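In our numbering, the protein residues as written are 3 to 121.
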């Protein structure tokens with residue numbers, strides 16, 4: 003479980019590239035509960051568009067929140083490579099923190115001390 007603000011929209015995407023074009027596929031969408039936590043469950047699998055050329059998932063999480071203004075802000079978390087049977091624990095994210103550069107994640111300890119705002 004992860005603690006975030008109330009009423010944040012959580013999108014779980016995979017980034018894909020085809021002939022130099024980027025497109026995104028949504029694995030799952032969720033909202034935070036009244037306590038500000040969320041959990042994403044499920045399986046992400048990309049379709050191999052070209053036979054014989056594997057299209058591996060490149061998962062990342064996008065958070066849309068309204069902590070600091072009525073227009074909303076988007077936070078993009080770095081891509082991660084944690085797949086079943088392992089779990090991916092983000093930790094605590096401070097959405098109204100000043101914008102900071104996020105450190106790269108490792109699968110063993112994928113936690114954040116502060117957040118980064120993207121608008």
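Ideal placement from N, C-alpha and C gives every residue a C-beta, glycine not left out.
Note that the coordinates shown come from a computational prediction; the quantities given were computed from them, not determined experimentally.
Residue i to residue j, Cα distance in whole Å?
i: residue 69; j: residue 16; result: 26 Å
i: residue 79; j: residue 64; result: 6 Å
i: residue 72; j: residue 82; result: 30 Å
i: residue 97; j: residue 60; result: 24 Å
i: residue 35; j: residue 89; result: 20 Å
i: residue 55; j: residue 87; result: 25 Å
One question on the structure: do residue i and residue j come within less than 9 Å of each other, judged by their Cβ atoms?
i: residue 95; j: residue 77; result: yes
i: residue 14; j: residue 29; result: yes
So, at 6 Å on beta carbons, what are the nonlocal neighbours of residue i in its own chain, with the 5 sequence-adjacent residues on each side left out?
i: residue 42; result: 14, 30, 32
Between the options, which lies nearest to residue i when the distance is taken from Cα to Cα?
i: residue 38; options: 74, 87, 9, 98; result: 9
i: residue 12; options: 66, 56, 54; result: 66
Across which residues does DSSP place residue i in a beta bridge pair?
i: residue 90; result: Residue 90 pairs with nothing; no bridge assigned.
i: residue 64; result: 13, 78
i: residue 52; result: 55
i: residue 33; result: 11
What do you reckon, is the C-beta of residue i under 8 Å from a heavy atom of the ligand PLP?
i: residue 66; result: Judged by which ligands are present, the structure shown has none, so any question about the ligand PLP falls away.
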